[in-house]
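Asks: I have a structure here, written as C-alpha cells, and I will follow up with some questions on it.
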Amino acid sequence: MGDINNELDERILVSMQGITKTFPGVLANDNIDLDIHPYEIHALLGENGAGKSTLMKILYGFYGADSGEIYYQGKPYQIRSPHDARGIQIGMVFQDLNLIPALSVAENIALFLPNLPAVLNHQQINEQIEDVSKRYSLHVNPNAKVANLSIGEQQKVEILKLLLSDAKLLILDEPTRVLAPHELEGLFIVLNKLREDGYAIILITHKMNEVFSCADRITVLRKGRVVNTVLRSEVNENDLIEMMFAKRITSVETPEKQAVDRSGTPVLELSSVSTTGEGDAIKLDDINLQIFPGEILGVAGVSGNGQKELSDLVLGIIGSSGKKLINGENVTNRSIPVVRKKGVVYIPENPLMMAAIPFMTVLENFALTNTASYIRFGGLAMDWGQIHKDALAAQEKLGFDVPLYTIAKALSGGNLQRSVIAREMSRQPELIVASYLTRGLDVQSANAARKALIRARESGAGVLFISEDLDELFKYCDRMVVLYQGRIVGVFTPEETDIYEIGHLMTGSEVLYAAEE
Amino acid sequence: MSLLAILGVLSSAIFSGTSLLYTTLGETLHQRAGIVNLGLEGIMLISAATGYRVAVETGNPYIGILVAMIVGGLTNMIIGFLVVTRKANQLASGLATMFFGFGLSALIGRDYVGVRITPLPRIPFPGTANLPLLFASLFRFDFLIYLVIPVAVLIWWLLFRTRWGLGLRAVGENADTAFASGRNPFWIKYQALGIGGMLAGLGAAHLSIAYTMNWSQFMTGGRGFIAVALVIFSKWHPLRAIGGALLFSGAVAFQLMLQSSGVRVSPFLLDTIPYLITLLVLIIWGGTRKHAAPASLGRVYQGGQQ
C-alpha cells in the first residue's frame with residue numbers, strides 16, 4: 042500500500058492541489074486547490090480572466106501546470122496530455138468551440154469516441170449519435186458539415202461529443218453562452234439527469250442565474266486565486282458578486298427610453314426582402330422592417346432562425362431580392378464598403394472568425410476597418426501614433442482595458458468582443474448591427490457594451506440588436522421583432538407583450554397554432 | 063493522326079504518369095496532415111539514384127525498388143525533424159532538402175549513368191495479347207503500373223474510412239482539436255511523412271528502374287513539383303489524383319508526339335502545353351470553398367502542453 046501521506050480521501054473523484062500556472066506576464070493560476078465529488082454540479086464562477094478556463098485546461102491536460110498535483114480517487118495521477126485525462130474519463134467542451142468545420146458532425150464526434158474501431162462504420166456512428174441526441178433532445182443532422190451549422194447547433198454537437206466520449210467528469214466552459222432560453226432549460230435538465238447517473242460536472246460560468254438554477258457547490262475565482270468554495274444553499278447573489286468582484290456593483294438601472302420620432306426617414310428600411318438561402322443558410326422570407334434614428338430594434342429568436350442571414354444581408358455580405366434602403370438611399374445588393382461608408386457598423390456573433398484577424402494585434406485590427414483615414418504619404422505609411430491614440434480613446438469611452446499589442450487569437454473571448462465593440466463604436470455609427478453583443482462578457486463588460494449602445498442611440502443612431510437574452514431585449518429595445526425560420530412572426534413594443542408570448546413565437550408553437558386556424 | 067499514335071500517347075501517359083501518381087498520393091498524405099512538402103523533388107532524386115544503384119549492384123530490380131521506398135521514407139524524416147520537431151518554416155525546409163537532394167543524388171548515381179539493369183518483367187494488359195505485335199507492345203506494363211490505382215484507392219480508404227485517416231485529417235485541419243481528442247499531432251505528422259516519403263520513393267523507383275531503366279542527373283524533371291500542383295489540382299483527394307496524373311502525363315506525351323510527327327510549331331511552345339493545361343484547370347476550378355485546402359496547411363504546430 043502506498044504512502045499514506047500521499048493519498049487523499051478516495052471518495053473525492055478528482056482533487057487539484059496547489060496548481061500554479063504562469064503565462065508570459067500573467068499569473069493565471071496561483072496555488073489553486075479544488076475538489077470535485079461524484080454526483081455534483083460544481084460551478085466555477087469568476088470574471089473574465091479569473092483563471093477558470095486555464096485551470097480546467099490543466100485538468101484536461103491541454104496545458105501543463107508549473108506546479109501542483111492532481112489526485113484521482115485519492116491517488117496521485119499524472120496528466121500530461123488530453124490522452125491521459127481521457128484515460129480517467131475526463132471530458133471537456135472548450136469555450137471557443139473546437140469543432141473542425143471541414144468535417145461532418147459524425148466525423149467530429151467520431152474523433153472523440155472511445156474504442157473507435159480502426160475501420161470506421163459510419164452507420165453505426167450515426168446510430169450512436171441519434172441514440173443520445175434523442176435521449177437528450179439535442180437534434181442535429183450527423184451528415185451535415187460543421188461549417189454550415191450555426192453556433193447554437195455547434196454547441197449541441199460539442200455536448201453530444203462529450204456525452205458520447207464516455208466521460209464521467211464533464212467540464213463545460215461557458216456552455217450556455219450560445220444557447221437560447223429554452224435550450225438552456227434543456228441543458229439544465231440534461232445536466233441534472235447526468236448528475237443522477239453519477240456524473241460529476243464542472244460548469245465554468247459568470248452568469249449568476251445559471252449558478253443558482255443548477256449548481257450544488259460553487260467555487261469563486263478572482264485573479265487566479267480561489268476566493269472561496271461554498272454550498273449553493275449557503276449564499277445569495279450579492280455574496281457571490283462580492284466574491285467575484287471584491288465590491289458590490291449596482292445592477293444597471295433601466296435606461297430611460299425616449300419617444301422615437303418615426304416621422305422622418307428611417308436609417309434602415311427593408312421592404313419585401315427575401316434571400317435564396319444557399320447551402321445550409323436559412324432562407325429569409327419577405328422581411329419588412331424599419332429602424333428610425335434613435336431607435337433600438339430588437340430581434341428575438343432562437344439562434345439559427347435567420348439572425349446571421351439578417352445581419353449579413355444588412356451589411357451586404359449576401360444579396361437579396363426586394364429593397365434595402367439606408368437613410369433613404371437604395372443600397373440593395375451593393376458591396377460592403379458602400380454600405381459601411383453609409384455609417385453602418387457590425388458586431389458579429391463570432392468575432393474571432395468574422396471581425397478580427399487572429400494573428401494581428403488588437404491595434405492592427407483596430408485600424409483594419411478604417412485604414413483610409415490613417416494613411417500617410419498617399420498610402421505609403423500609416424499613422425500608428427494616431428491609431429494608438431484613437432484606440433485608447435475608444436476603449437476609455439467604454440471603460441475597457443484590452444491590451445493593444447496582443448494578437449487577437451491570444452485574447453479571451455470577452456476581451457476579443459470588447460476590442461471589436463470598441464473599434465466599431467469609434468466610427469460614429471449611424472446604424473449598428475449587433476449580433477449577440479454581450480455573449481461571453483462578464484457583468485461589468487456587458488453593462489459597458491450596452492451603455493455604448495444607449496449612448497449611440499442618444500446621439501441618433503439606429504440599432505439592429507440581435508439577442509437571445511429576453512431580459513436584455515425587454516430592457517433596452519424600443520421595438521422588437523421575432524424571427525422564426527427566416528420570417529418575422531411578430532412585431533411588438535416591450536410594453537405590449539411579455540416573455541411568454543415572445544417565447545411561444547420563438548419556438549414556433551404560436552405559429553403552428555395560427556396556421557391551424 | 064493514326065490510331066497507333068493515339069494509343070502510343072495513352073501508353074506513354076500511363077508509363078510516365080505512374081511515378082507522378084505515386085508521388086502525388088504521398089504529397090496528398092503530407093498535406094492532409096498539414097505539411098506542404100516542397101522537398102519532394104530532392105527526395106525523389108535520392109530515392110531514384112539509390113534504388114538504381116542497388117538494382118545494379120544486386121542485379122535485382124525488386125530490391126532496388128524496396129530500397130528506394132525506404133530511402134524515400136527516411137529522407138522525409140529530415141523534413142519531419144525540421145518542420146515537426148524543430149518547428150521550422152515548411153517552405154524553407156522543403157527547398158533546402160530539395161537542393162540537398164540534387165547534390166546527394168548526383169553523388170550516389172555518379173558512376174551509374176548509362177549502366178544497364180535487369181528490367182522488370184512486363185505483363186500484357188488483359189485482352190491485348192492477341193492484338194498485332196505493334197499494338198500489343200504498347201500495353202505491356204510492369205507490376206508497379208498495375209499496382210498504382212489500387213494504391214490510390216487504398217490511400218483514399220485509409221484517409222476517409224479509417225480511424226487513422228480521421229485522426230490524420232483532423233491534424234491537418236486543427237491540430238489542437240486532434241490533441242484534445244487524445245491524439246499526438248507530432249507523431250501523426252511523422253507517420254504521414256514516413257508513408258508519404260515511401261510513396262514518393264516508389265514513384266522515383268518506377269521512373270528510374272522500371273520506366274526509363276536509366277539513371278541521369280535531374281532525371282525527375284520537376285515531377286516533385288508537379289506532384290504538389292496535382293495535389294491542389296485534385297483538391298486533396300486521392301481518387302481525383304488518378305485523373306490528374308493521367309491528364310498531365312497525357313499532355314506531355316501528346317506534346318512529344320506532335321514534335322516527333324513534324325508539326326511546325328516551336329518545340330518550346332509545345333513544351334508548355336502540360337503546364338498550360340494545369341494553369342487552365344486551376345483557373346477553372348479555382349479555390350471553390352467546398353474542397354478548400356486543409357485549414358492549418360503550412361502552419362507550424364506549437365504543441366498543446368506549454
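Chains S and U, in that order, are what the protein sequence lines are. Numbering-wise (my numbering), the first sequence opens with residue 42 and increments by one. Numbering-wise (my numbering), the second sequence opens with residue 63 and increments by one. Glycine included, C-beta positions come from ideal geometry on N, C-alpha and C. Computed from a predicted model, the values in this text were never measured in an experiment.
1) Nearest to S/Asp74 by alpha carbon, out of S/Val268, S/Asn156, S/Ser476?
2) Give me the chain S residues within the contact set of U/Asp238, using Cβ-Cβ distance strictly less than 7 Å, ordered along the chain.
3) Using only alpha-carbon positions, find the residue among U/Ile217, U/Ala95, U/Ala262, U/Leu100 that is nearest to U/Gly113.
4) Suppose contacts are defined by Cβ-Cβ distances below 8 Å. Is U/Met106 in contact with U/Ile179 by that definition?
5) I need the straight-line Cα distance from S/Pro307 to S/Ile129, nearest angstrom please.
6) If you draw a straight line from the alpha carbon of U/Ile127 to that of U/Thr120, how long is it in whole angstroms?
7) My understanding is that S/Val522 touches S/Leu404, with C-beta atoms under 8 Å, so please give their C-beta distance in whole angstroms.
8) Taking only beta-carbon atoms, is U/Ala254 less than 8 Å away from chain S?
9) Quick one: is U/Gly377 near chain S, going by C-beta distance under 8 Å?
10) With which residues is S/Asp76 paired in a DSSP beta bridge?
11) Rank S/Pro399, S/Gly342, S/Gly335, S/Ile328 by C-alpha distance to the C-alpha of S/Lys365 and give the top, closest one.
12) Could you tell me the alpha carbon to alpha carbon distance between S/Leu157 and S/Ala151, rounded to whole angstroms?
13) Can you tell me the Cα-Cα spacing of U/Trp219 and S/Arg491, whole angstroms?
14) Excluding five sequence neighbours on each side, which residues of the same chain lie with their C-beta closer than 6 Å to the C-beta of S/Tyr118?
15) Closer than 7 Å by C-beta to U/Pro300: which residues in its own chain qualify, once you throw out the five before and the five after it? Chain order, please.
16) Could you name the residues of chain S that U/Thr224 contacts, counting a contact when the two beta carbons are closer than 8 Å?
17) Give the range of the alpha helix (DSSP H) segment to which U/His11 is assigned.
18) Go ahead and label S/Glu588 buried or exposed: buried means 16 or more other beta carbons lie within 10 angstroms of its beta carbon, across all protein chains shown.
19) With a floor of 4 residues, list each alpha helix (DSSP H) that falls wholly inside the segment 470–540 of chain S, ordered by position along the chain.
20) Is it buried or exposed, S/Gly503, if we count other Cβ atoms within 10 angstroms and call 16 or more buried?
21) Let's test the definition: count the other Cβ atoms within 10 Å of the Cβ of U/Trp277 and tell me whether it reaches 16, buried, or not, exposed.
22) Specify, as a first and last residue, the run of the beta strand (DSSP E) that S/Tyr387 falls within.
23) When you compare only the Cα positions, how much space is there between S/Met133 and S/Ile200?
24) How long is the line joining the alpha carbons of U/Val314 and U/Met139, rounded to whole angstroms?
25) Going by DSSP, name the residue or residues bridged to S/Lys209.
26) Leaving aside the five residues before and after U/Phe201 along the sequence, list all residues of the same chain whose C-beta is less than 6 Å from its C-beta, in chain order.
27) What residues from the segment 121–151 of chain S come within 9 Å of chain U, judged by C-beta to C-beta, listed N to C?
28) At which residues does the alpha helix (DSSP H) containing S/Leu325 begin and terminate?
29) Kindly indicate which residue of S/Glu148, S/Ser178, S/Gly87 has the alpha-carbon position closest to the one of S/Val187.
30) Looking at C-beta atoms only, is the number of pairs between the segment 73–93 of chain S and the segment 228–237 of chain S that lie closer than 8 Å three or more?
31) Kindly indicate which three-state DSSP category U/Ala214 falls into: helix, strand or coil?
32) How about S/Glu168 and S/Val181: do their beta carbons lie closer than 8 Å?
33) Quick one: using the 10 Å Cβ neighbour count with 16 as the cut-off for buried, is S/Pro389 buried or exposed?
34) Return the residues of the segment 412–434 of chain S that lie within a Cβ-Cβ distance of less than 9 Å from chain U, sorted by chain order.
35) How would you label S/Asp431, buried or exposed, when you count the other beta carbons within 10 angstroms and need 16 or more for buried?
36) Closer than 9 Å, Cβ to Cβ, to anything on chain U: give me those residues from the segment 103–121 of chain S, in chain order.
Replies: Looking at the coordinates:
1) The residue labelled residue 74 of chain S in the question sits at position 33 within the first sequence. Measuring from the Cα of S/Asp74, the nearest candidate turns out to be S/Val268.
2) The residue labelled residue 238 of chain U in the question sits at position 176 within the second sequence. Simply Asn139.
3) Translated into the one-based positions of the second sequence, residue 113 of chain U becomes position 51. Out of U/Ile217, U/Ala95, U/Ala262, U/Leu100, U/Ala262 has the C-alpha closest to the C-alpha of U/Gly113.
4) For the purposes of this step, residue 106 of chain U is taken as residue 44 along the second sequence, with counting starting at 1. For the purposes of this step, residue 179 of chain U is taken as residue 117 along the second sequence, with counting starting at 1. No, they are not a contact pair.
5) Position 266 of the first sequence holds residue 307 of chain S. Position 88 of the first sequence holds residue 129 of chain S. The alpha-carbon atoms of S/Pro307 and S/Ile129 are separated by roughly 59 Å.
6) Position 65 of the second sequence, counted from the first residue, corresponds to residue 127 of chain U. Position 58 of the second sequence, counted from the first residue, corresponds to residue 120 of chain U. Spanning the two alpha carbons is a distance of roughly 12 Å.
7) The residue you call residue 522 of chain S lines up with position 481 of the first sequence. The residue you call residue 404 of chain S lines up with position 363 of the first sequence. With a Cβ gap of about 37 Å, S/Val522 and S/Leu404 do not count as contacting.
8) Working through the second sequence from its first residue, we reach residue 254 of chain U at position 192. Cβ-Cβ to chain S under 8 Å: no for U/Ala254.
9) Absent from the structure is residue 377 of chain U, since the part of chain U shown begins at 63 and ends at 368.
10) Taking the first residue of the first sequence as 1, we reach residue 76 of chain S at position 35. Paired residue(s): S/Ser56.
11) Here the question's residue 365 of chain S lines up with position 324 in the first sequence. Residue nearest to S/Lys365 within the set S/Pro399, S/Gly342, S/Gly335, S/Ile328 is S/Ile328 (criterion: CA-CA distance).
12) Taking the first residue of the first sequence as 1, we reach residue 157 of chain S at position 116. Taking the first residue of the first sequence as 1, we reach residue 151 of chain S at position 110. CA-to-CA, the gap between S/Leu157 and S/Ala151 works out to about 7 Å.
13) Counting from 1 along the second sequence, the entry for residue 219 of chain U is found at position 157. Counting from 1 along the first sequence, the entry for residue 491 of chain S is found at position 450. The straight-line gap separating the alpha-carbon atoms of U/Trp219 and S/Arg491 is approximately 52 Å.
14) Your numbering for residue 118 of chain S matches position 77 in the first sequence. Only Ile111 meet the Cβ criterion.
15) The residue given as residue 300 of chain U occupies position 238 in the second sequence. Correct list, in chain order: Leu87, Thr90, Ala214, Ile217, Trp218, Leu221.
16) For the purposes of this step, residue 224 of chain U is taken as residue 162 along the second sequence, with counting starting at 1. In chain order: Ala159, Val160, Leu161.
17) Residue 11 of chain U lies beyond the range of chain U shown here (63 to 368); nothing can be said about it.
18) Residue 588 of chain S is absent from the structure shown; chain S starts at 42 and stops at 558.
19) 484–499, 511–517
20) As a working note, residue 503 of chain S is residue 462 in the first sequence. S/Gly503 is buried by the Cβ-count criterion.
21) Residue numbering aside, residue 277 of chain U sits at position 215 when the second sequence is read from its first letter. With 16 or more other CB atoms across the displayed protein chains lying within 10 angstroms of its CB, U/Trp277 is buried.
22) Within the first sequence, numbered from 1, the residue matching residue 387 of chain S stands at position 346. Per DSSP, S/Tyr387 belongs to the beta strand (DSSP E) from 385–388.
23) Taking the first residue of the first sequence as 1, we reach residue 133 of chain S at position 92. Taking the first residue of the first sequence as 1, we reach residue 200 of chain S at position 159. Approximately 9 Å between the Cα atoms of the pair.
24) Translated into the one-based positions of the second sequence, residue 314 of chain U becomes position 252. Translated into the one-based positions of the second sequence, residue 139 of chain U becomes position 77. Distance between the alpha carbons of U/Val314 and U/Met139: 32 Å.
25) Here the question's residue 209 of chain S lines up with position 168 in the first sequence. Bridge partners of S/Lys209: none, in fact.
26) Working through the second sequence from its first residue, we reach residue 201 of chain U at position 139. Once the five neighbours on either side are set aside, the close Cβ partners of U/Phe201 are Phe187, Thr190.
27) Arg121, Ser122, Pro123, His124, Asp125, Ala126, Arg127, Gly128, Met133, Phe135, Asn139, Leu140, Ile141, Pro142, Ala143, Leu144, Glu148, Asn149, Ala151
28) Taking the first residue of the first sequence as position 1, residue 325 of chain S is located at position 284. From DSSP, S/Leu325 is part of no alpha helix (DSSP H); its letter is neither H nor E.
29) As a position in the first sequence, residue 187 of chain S is number 146, starting the count at 1. Comparing Cα-Cα distances from S/Val187 to each of S/Glu148, S/Ser178, S/Gly87, the minimum goes to S/Glu148.
30) Yes: at least three Cβ pairs fall under 8 Å.
31) The sequence position of residue 214 of chain U within the second sequence is 152, counting from 1. Reduced to three states, the DSSP call for U/Ala214 is helix.
32) Locating residue 168 of chain S in the first sequence gives position 127, where the first residue counts as 1. Locating residue 181 of chain S in the first sequence gives position 140, where the first residue counts as 1. For S/Glu168 and S/Val181, no; Cβs fall outside 8 Å.
33) By 1-based counting over the first sequence, the position of residue 389 of chain S is 348. It counts as buried.
34) none
35) Against the first sequence, residue 431 of chain S aligns to sequence position 390. The Cβ neighbour count for S/Asp431, taken over all protein chains shown within 10 Å, is at least 16; the residue is labelled buried.
36) So the close ones are Phe103, Tyr104, Gly105, Arg121.
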